[in-house]
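Using my numbering, you'd call the opening residue of the sequence shown number 1277 and step up by one each time.
Heads up, the beta-carbon is just placed ideally off N, CA and C, and yes, glycines get one too.
Since this is a predicted model, take the numbers as computed values, not measurements.
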Amino acid sequence: MVSRSRVDPTPHAPTDLSELLMASPSSVDLTPSITLSDVLYAWPDGTPVFDDLSFSVPRAVYSLVG
1277 MVSRSRVDPT PHAPTDLSEL LMASPSSVDL TPSITLSDVL YAWPDGTPVF DDLSFSVPRA
1337 VYSLVG
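The structure is reproduced here in structure tokens:
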């Protein structure tokens, strides 16, 4: 006898990172939750650390460490 598992047709948000990584791209909301554009940062002596930095962090990212 062959056992068949049922797939829940109800979409749900990923509950852990492994589920998120295995999700199909169309099922993950990648709308940015944080967006930085044209950011400049320099040390007090004027030495630039970065200039014209732009990036977006999708909602799927849980934390930033810097």
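| Check | Outcome |
| --- | --- |
| Below 8 Å on the Cβ atoms is my guess for residue 1332 versus residue 1314; work out the distance and round it to an integer in Å. | At roughly 13 Å, the Cβ-Cβ gap does not stay under 8 Å, so residue 1332 and residue 1314 are not in contact. |
| Under three-state DSSP, which class holds residue 1308? | strand |
| Among the residues of its own chain, which have a CB less than 8 Å from the CB of residue 1322, if the five just before and after it don't count? | none |
| Tell me the residue span of the beta strand (DSSP E) that contains residue 1324. | 1324-1334 |
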